[in-house]
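*Asks:* Shown below is the structure under consideration.
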Amino acid sequence: MSDLSLQQLKALRFWQTPEITSLNRMPAHTPLRSFRSFADAIAGDGSASRQSLDGDWQFEWFPSPNDVPDDWLTSESTEDRIRVPGNWQLQGYDKPIYTNVKYPFSAAPPIVPEENPTGFYRRSFWLDESDLIDQTWLVFDGVDSAFFVWCNGHLVGYSQDSRLPAEFDISRSVRAGDNDLAVMVLRLCDGSYLEDQDMWNLSGIYRSVYLLSKPKTHISDFRVTATLDEHYAEGVLEVEVICNKVCRGEVDLALNDASGVTVLSHRQRIGTDLIDERGRYKDRTRVKLQVPSVQAWSAETPNLYHLVVSLFDEHGEFVECEANDIGFRSVEIADGQLLLNGKPLLIRGVNKHEHHPETGHTESLAQVEADIRLMKQHNFNAIRCSHYPHQPGFYDLCDRLGMYVVDEANIETHGLTPMSLVSDDDAWSHAYVERMSRMVRRDFNHPSVIIWSLGNESGYGANHEAMAAWVRQADPSRPIQYEGGGADTSVTDIICPMYARVVDDMPSPYGRPAYSIQRWADLQANLGGRARPVILCEYAHAMGNSLGNFSDYWDAFRANPRLQGGFIWDWVDQGLTRVSDDGVPYFAYGGDFGDEVNDRQFCINGLVFPDRTPHPSLLEAKRAQQPFTFTAEICDRSITLAVTSEYLFRSTDNERLNWRLGSLHDTHQEGSQVLQIGPEGSQTIVIDADSDLIAEGEQDLLLDLWITTERGTNALPAGHEIARSQHVLVLADTTRERETRPAEISQQGEQLLVTAGDVTWQVSTAAGFITDWVIDGTALLDAPMADCFVRAPLDNDICSSEVDNPSPEAWLAKWQAAGLFDLEHRCTGVEVKGATVTSQHEYLNDVGVIIRSMWMHTFDAEGGVAIVVEVSVDPEMPPLPRVGMRLLLCDKPEAVSWLGRGPHENYPDRKLSADLGAWSCDRQAMQTSYIFPSDNGLRCDVRQAVIGSVCIERLDDDFAFAVSDFGVESLMRAEHTFECIEQPALHVHVDGHHMGVGGDDSWTPSVRPDYLLNAETYRWSCRLSVTNDDKP
10 MSDLSLQQLK
20 ALRFWQTPEI
30 TSLNRMPAHT
40 PLRSFRSFAD
50 AIAGDGSASR
60 QSLDGDWQFE
70 WFPSPNDVPD
80 DWLTSESTED
90 RIRVPGNWQL
100 QGYDKPIYTN
110 VKYPFSAAPP
120 IVPEENPTGF
130 YRRSFWLDES
140 DLIDQTWLVF
150 DGVDSAFFVW
160 CNGHLVGYSQ
170 DSRLPAEFDI
180 SRSVRAGDND
190 LAVMVLRLCD
200 GSYLEDQDMW
210 NLSGIYRSVY
220 LLSKPKTHIS
230 DFRVTATLDE
240 HYAEGVLEVE
250 VICNKVCRGE
260 VDLALNDASG
270 VTVLSHRQRI
280 GTDLIDERGR
290 YKDRTRVKLQ
300 VPSVQAWSAE
310 TPNLYHLVVS
320 LFDEHGEFVE
330 CEANDIGFRS
340 VEIADGQLLL
350 NGKPLLIRGV
360 NKHEHHPETG
370 HTESLAQVEA
380 DIRLMKQHNF
390 NAIRCSHYPH
400 QPGFYDLCDR
410 LGMYVVDEAN
420 IETHGLTPMS
430 LVSDDDAWSH
440 AYVERMSRMV
450 RRDFNHPSVI
460 IWSLGNESGY
470 GANHEAMAAW
480 VRQADPSRPI
490 QYEGGGADTS
500 VTDIICPMYA
510 RVVDDMPSPY
520 GRPAYSIQRW
530 ADLQANLGGR
540 ARPVILCEYA
550 HAMGNSLGNF
560 SDYWDAFRAN
570 PRLQGGFIWD
580 WVDQGLTRVS
590 DDGVPYFAYG
600 GDFGDEVNDR
610 QFCINGLVFP
620 DRTPHPSLLE
630 AKRAQQPFTF
640 TAEICDRSIT
650 LAVTSEYLFR
660 STDNERLNWR
670 LGSLHDTHQE
680 GSQVLQIGPE
690 GSQTIVIDAD
700 SDLIAEGEQD
710 LLLDLWITTE
720 RGTNALPAGH
730 EIARSQHVLV
740 LADTTRERET
750 RPAEISQQGE
760 QLLVTAGDVT
770 WQVSTAAGFI
780 TDWVIDGTAL
790 LDAPMADCFV
800 RAPLDNDICS
810 SEVDNPSPEA
820 WLAKWQAAGL
830 FDLEHRCTGV
840 EVKGATVTSQ
850 HEYLNDVGVI
860 IRSMWMHTFD
870 AEGGVAIVVE
880 VSVDPEMPPL
890 PRVGMRLLLC
900 DKPEAVSWLG
910 RGPHENYPDR
920 KLSADLGAWS
930 CDRQAMQTSY
940 IFPSDNGLRC
950 DVRQAVIGSV
960 CIERLDDDFA
970 FAVSDFGVES
980 LMRAEHTFEC
990 IEQPALHVHV
1000 DGHHMGVGGD
1010 DSWTPSVRPD
1020 YLLNAETYRW
1030 SCRLSVTNDD
1040 KP
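Last residue of the sequence shown: number 1041 in our numbering, and the count goes up by one each step with no gaps.
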């Protein structure tokens, strides 16, 4: 094969033959470093054996492999350069394509189109004469999707599976001095049918490339199983060391703790523990040792030990070392629960793609570490690698920082019909099992990996059964999960549904209903010893302004022991940085690069923006998932607190409880103390309060509690807030009876003129609304006040997972069918009675009147107006997005202040994390610039808001409000943030009622009934006035 010409290789079409997944690729193994001394192994310094090939490579791009000249390998090098690692689509070649389900090419497995973009890479490297003594391996950590490699003109090999390393022994091809390396990468191959993940389709050498030098006789793999004994007290260390050939030497094991102290040392001759009459096991040795008083590993306590495996030859001479950080922990399923070290886990998880807005699928380890730290700071403890193995350094970081990992095989066939078309085809069995086995062999030694996953959305077939059988034989220490086939097939040890609702079963076109998590738990409760844990592999679809209802999931998880959490979809908005024609940078999504087959913004569904700025929903997740719960009770002059820890493995030796007692405005008492709570324990704390605070009841009495770190840890800085809770101990009646004189009202033509000192109002008798509001000659309103029943649709309102398959059940579709965005307004009457102006309004669609409103304006001599609005809705109307009014203010103040929930954006079904308080915020920060523009910036349960000189106060009930520089129409016209046109006036929404955002998923109506506006009548009220104070 090494003598095949490029022309012959192209004719063989390896890349559309599923039975051929590699040529000359080395077997998978744990990542190796070949340390050349014990000291280097302790220090982790493998530089003596490794030469990085990252950097600038020569590059040439062709539309198809057919366009590559047959003499390319011997032709002169191109002057073009490309960065490795990186995706070529983000470096000026070809174009990115985003799809969710559809393949970005015509699907007819295993055939791929002739138009198959192909990239040729070249570079040289230097080897000294002394380097030729050892073996030289060429390692590609990740290439998408298939590639051939040549060294000094000799064909080295071929590989596919874009998410696992490909290693080649190039010892026979290298020479002393300059060596030439050439790589041909194809965008598509038959393996692409197994890589239909919901992400950008990008190509190239996108992970690191390096040379590894190994002695002629060396350690080719070592597998570590570090568990706990049946009492979870002592460690059990099992190590298998495999050499590349028969070896008569010895292996020395040295295990050091975190302080560098050697806690175990063991030496053993190779090939003596297993006997085979044909010498089968002369290249390996296995050992099982007890480690007393071990410090167990968990995400809470990521205690690591450093294992050094040293190889000595038959004369006792040192050959090389390999080393790994390992952690002792036991993973098991018992009594229908997933246990770690004997304790049932609560998975606070998130799905994570490898994504960076500038470099696509290439992530630096610094970026990965920043992501994991940000996750830990928001109370996540688990990551599902969606939907492929991540780069090797990711697992090291999860080991060190403390994160449970579901390691997932690089298999998804979502776009095939049926989805299991190749999953049940024996021709593809090798590819399926190989993708699983290679992942397991690479990541076997990581304590953070607690679950293996067979892949994602690939239906169900014999190939999955073969994968599961292989894993159960190779690694009985970890469970398997797989959602395909109904989430409860025989291959999965965990019931792992997607997007199951909390209580309601959902209709499904696939036979049985999509069960709720409560139904799943009830089903398992009846199975006795065959029960399995229920962990959602995906839930809470965080697309745009989403994550409503999230706290309901966590109430259910805590109430039912069989419900052990889940993984939010997903971590980061997969936007790519682009610059508009006007030079404005923005985050692009599907279709923005001329990719005709695309699913638009469905890749924009993260808890953080592409630059890792948090969405408001991330704060909601943090609060719901926090590992502490609180109760507070008043008894006479004291307040009794109970703080309960959900830590399973550690005491609160680094946590401080802080508390504040006061009103929305003022702090009356405060204090703090170090917590002393054992694992899963509670602590009672009594606060002696001022009796007058409790007895008077003339103002609210709030107790704010928050827990912070005393000292910095490996993932959390000192002073970091872990958990927070607010308790309303006394709720005062803040309704004020105003004893003010009425304002004077006179009529001038079609205008009612209201005067109160230096404030004047005008009400149009034709429109029935306030058209002008002037203070001392300065106009406050840019346009008349008006009813508002619409919002710029959220992704969850649009309900389309595929742009060419919109849901007719979507709220947006129903609103459009009802003509809600194009209603005709008629004022049917205006009546003046004393200082009150009452106006009647009708709103018509093509059928007739569907909404009526009545506005009662009562003006007072202080310059204020009390507005009471009653609304009636046709019972045939779908639920409304909002019931309120819109003000267009002339002035755009720098800051906005309010009494209510904050400080961040919150909605009726997503406000657990937003506490009551007196808040002030920069006007622009009041708005959330979602990548796909939509309604944003709401604040709920508001008593008073001050926007420049305008004061809005509650009358009977709290209201919600939002400010926008753009307005509903501008947001609806735009498809990206840079397309939003700032309006000269500030759009202020005052809502008596606002629909929830939903978020159980983004393709069915997911707002729960409690948060739908489906009543036939509504009433809301507020008071408007002018203030000289910029704070409530």
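Backbone N, C-alpha and C fix where the C-beta goes; we use that ideal spot for every residue, glycine too.
Note that this is a predicted model, so its numbers are computed, not measured.
Once DSSP output is grouped into helix, strand and coil, what is the label at residue 206?
*Replies:* The sequence position of residue 206 within the sequence shown is 197, counting from 1. Reduced to three states, the DSSP call for residue 206 is coil.
*Asks:* Can you tell me whether residue 343 is buried or exposed? The criterion is at least 16 other CB atoms within 10 Å of its CB, across all chains shown.
*Replies:* Start at 1 with the first residue of the sequence shown, and residue 343 comes out as number 334. Residue 343 comes out exposed.
*Asks:* Taking 8 Å as the cut-off, decide whether the C-beta atoms of residue 908 and residue 951 are in contact.
*Replies:* For this step, residue 908 is matched to residue 899 along the sequence shown. For this step, residue 951 is matched to residue 942 along the sequence shown. Going by C-beta atoms, residue 908 is nearer than 8 Å to residue 951.
*Asks:* Applying the criterion that 16 or more other CB atoms from any shown protein chain within 10 Å of the CB defines a buried residue, is residue 740 buried or exposed?
*Replies:* What you label residue 740 is simply residue 731 of the sequence shown in a count that begins at 1. Classification for residue 740: exposed.
*Asks:* Take residue 227 as the anchor and find which of 89, 251, 211 has the nearest alpha-carbon.
*Replies:* Taking the sequence shown and counting its residues from 1, the one referred to as residue 227 is at position 218. The candidate whose alpha carbon is nearest that of residue 227 is 251.
*Asks:* So which of 893, 716, 762 has the shortest CA-CA distance to residue 795?
*Replies:* As a first step, residue 795 must be located in the sequence shown, where it is residue number 786. When only C-alpha atoms are compared, the closest one is 893.
*Asks:* Contact between the region 959 to 970 and the region 931 to 943 is defined here as three or more beta-carbon pairs at a separation below 8 Å; is this criterion met?
*Replies:* Taking 8 Å as the limit for Cβ pairs, the verdict is that the region 931 to 943 does not touch the region 959 to 970.
*Asks:* For a quick check, are the C-beta atoms of residue 35 and residue 156 less than 8 Å apart?
*Replies:* Residue numbering aside, residue 35 sits at position 26 when the sequence shown is read from its first letter. Residue numbering aside, residue 156 sits at position 147 when the sequence shown is read from its first letter. Result no, Cβ atoms of residue 35 and residue 156 do not sit closer than 8 Å.
*Asks:* Where does residue 969 fall in DSSP's three states?
*Replies:* Translated into the one-based positions of the sequence shown, residue 969 becomes position 960. Looking at residue 969 - three-state DSSP - the assignment turns out to be strand.
*Asks:* Roughly how many angstroms separate the alpha carbons of residue 245 and residue 235, rounded to a whole number?
*Replies:* Working through the sequence shown from its first residue, we reach residue 245 at position 236. Working through the sequence shown from its first residue, we reach residue 235 at position 226. If you take the alpha carbons of residue 245 and residue 235, they lie about 6 Å apart.
*Asks:* Under 8 Å, with one C-beta from each stretch per pair, do the region 412 to 423 and the region 458 to 473 reach the 3-pair mark?
*Replies:* As far as the Cβ criterion goes, the region 412 to 423 touches the region 458 to 473, which means the pair count is three or higher.
*Asks:* Buried or exposed: where does residue 990 fall if 16 or more other Cβ atoms within 10 Å of its Cβ makes it buried?
*Replies:* Position 981 of the sequence shown holds residue 990. Exposed.
*Asks:* Considering only residues of the region 947 to 1016, which uninterrupted beta strand (DSSP E) runs meet the minimum length of 3 residues and lie entirely inside it, listed in chain order?
*Replies:* List check, beta strand (DSSP E) in window: 948 to 951, 953 to 956, 959 to 962, 968 to 973, 995 to 1003.
*Asks:* Could you compute how far the alpha carbon of residue 664 sits from the alpha carbon of residue 655?
*Replies:* Translated into the one-based positions of the sequence shown, residue 664 becomes position 655. Translated into the one-based positions of the sequence shown, residue 655 becomes position 646. Straight-line Cα distance between these residues: approximately 13 Å.
*Asks:* Using the Cβ count rule (16 or more neighbours within 10 Å means buried), how would you classify residue 150?
*Replies:* Within the sequence shown, numbered from 1, the residue matching residue 150 stands at position 141. Residue 150 is buried by the Cβ-count criterion.
*Asks:* Taking the Cβ atom as the reference point for each residue, do residue 541 and residue 504 lie within a distance shorter than 8 Å?
*Replies:* Taking the first residue of the sequence shown as 1, we reach residue 541 at position 532. Taking the first residue of the sequence shown as 1, we reach residue 504 at position 495. Going by C-beta atoms, residue 541 is nearer than 8 Å to residue 504.
*Asks:* Quick check on DSSP: helix, strand or coil for residue 1058?
*Replies:* In the structure displayed, the chain extends from 10 to 1041; residue 1058 sits before or after that span and is not available.
*Asks:* Measuring only between beta-carbons, confirm whether residue 712 sits less than 8 Å from chain B.
*Replies:* Looking for chain B here will not work: only one protein chain is present.
*Asks:* Which stretch, first to last residue, makes up the alpha helix (DSSP H) that contains residue 563?
*Replies:* Here residue 563 refers to the residue found at position 554 when the sequence shown is read from its first residue. Its alpha helix (DSSP H) spans residues 559 to 568.
*Asks:* Is residue 19 helix, strand or coil by DSSP?
*Replies:* Locating residue 19 in the sequence shown gives position 10, counting from the first residue. It is helical.
*Asks:* Is the beta carbon of residue 653 sitting closer than 8 Å to the one on residue 637?
*Replies:* Walking along the sequence shown from the start, residue 653 turns up at place 644. Walking along the sequence shown from the start, residue 637 turns up at place 628. Against a cut-off of 8 Å, the Cβ pair of residue 637 and residue 653 comes out as a contact.
*Asks:* Relative to the C-alpha of residue 779, which candidate in 712, 847, 826 has its C-alpha closest?
*Replies:* The sequence position of residue 779 within the sequence shown is 770, counting from 1. Of the candidates 712, 847, 826, the one whose C-alpha sits nearest the C-alpha of residue 779 is 847.
*Asks:* With DSSP collapsed to three states, give me the class of residue 287.
*Replies:* Stepping through the sequence shown from its first residue, residue 287 is reached at position 278. Its pLDDT being 49, under 50, residue 287 is placed unreliably in this model, and the value from its coordinates should be taken loosely. Coil.
*Asks:* Suppose contacts are defined by Cβ-Cβ distances below 8 Å. Is residue 357 in contact with residue 390 by that definition?
*Replies:* Along the sequence shown, read from residue 1 onward, the residue named residue 357 stands at position 348. Along the sequence shown, read from residue 1 onward, the residue named residue 390 stands at position 381. Contact: yes.
*Asks:* What is the DSSP secondary structure of residue 825, reduced to helix, strand or coil?
*Replies:* Along the sequence shown, read from residue 1 onward, the residue named residue 825 stands at position 816. The answer is helix: DSSP assigns residue 825 an H, G or I state.
*Asks:* Alpha carbon to alpha carbon, how far is residue 415 from residue 449? Give it in angstroms, no decimals.
*Replies:* In the sequence shown, residue 449 corresponds to position 440, counting from 1. In the sequence shown, residue 415 corresponds to position 406, counting from 1. Spanning the two alpha carbons is a distance of roughly 12 Å.
*Asks:* Let me make sure I understand the geometry here. Which of 584, 677, 751, 261 has the alpha-carbon closest to that of residue 328?
*Replies:* The residue given as residue 328 occupies position 319 in the sequence shown. The candidate whose alpha carbon is nearest that of residue 328 is 261.
*Asks:* Given this structure, state the Cα-to-Cα distance separating residue 189 from residue 98, to the nearest angstrom.
*Replies:* Residue 189 sits at position 180 when you count from the first residue of the sequence shown. Residue 98 sits at position 89 when you count from the first residue of the sequence shown. Their backbone Cα atoms lie some 25 Å apart in a straight line.
*Asks:* Between residue 183 and residue 136, is the Cβ-Cβ spacing less than 8 Å?
*Replies:* As a first step, residue 183 must be located in the sequence shown, where it is residue number 174. As a first step, residue 136 must be located in the sequence shown, where it is residue number 127. Their beta carbons are under 8 Å apart, which means residue 183 touches residue 136 by this criterion.
*Asks:* Assign residue 287 to buried or exposed, taking buried as 16 or more other Cβ atoms, counted over all protein chains shown, within 10 Å of its Cβ.
*Replies:* For the purposes of this step, residue 287 is identified with residue 278 of the sequence shown, where counting begins at 1. With a pLDDT of 49 at residue 287, under the threshold of 50, the predicted position of this residue should be treated as unreliable, and no value is reported.
*Asks:* Can you tell me whether residue 939 is helix, strand or coil according to DSSP?
*Replies:* Sequence index remark: in the sequence shown, residue 939 carries index 930 (1-based). Here residue 939 sits in coil by DSSP.
*Asks:* Beta-carbon separation of residue 208 and residue 365 under 8 Å?
*Replies:* Working through the sequence shown from its first residue, we reach residue 208 at position 199. Working through the sequence shown from its first residue, we reach residue 365 at position 356. No.
*Asks:* Hey, is the region 1022 to 1039 in contact with the region 914 to 926, meaning 3+ C-beta pairs nearer than 8 Å?
*Replies:* Judged by Cβ distances under 8 Å, the region 1022 to 1039 makes no contact with the region 914 to 926, as fewer than three pairs qualify.
*Asks:* Looking at the secondary structure, which residues open and close the beta strand (DSSP E) in which residue 268 lies?
*Replies:* Here residue 268 refers to the residue found at position 259 of the sequence shown. Careful: residue 268 lies outside any beta strand (DSSP E) and carries neither H nor E.
*Asks:* Cβ atoms of residue 582 and residue 617: under 8 Å apart, would you say?
*Replies:* Within the sequence shown, the letter at position 608 stands for residue 617. Within the sequence shown, the letter at position 573 stands for residue 582. Yes, the Cβ-Cβ distance between residue 617 and residue 582 is below 8 Å.
*Asks:* Below 8 Å between beta carbons: does that hold for residue 977 and residue 763?
*Replies:* Here residue 977 refers to the residue found at position 968 when the sequence shown is read from its first residue. Here residue 763 refers to the residue found at position 754 when the sequence shown is read from its first residue. Against a cut-off of 8 Å, the Cβ pair of residue 763 and residue 977 comes out as no contact.
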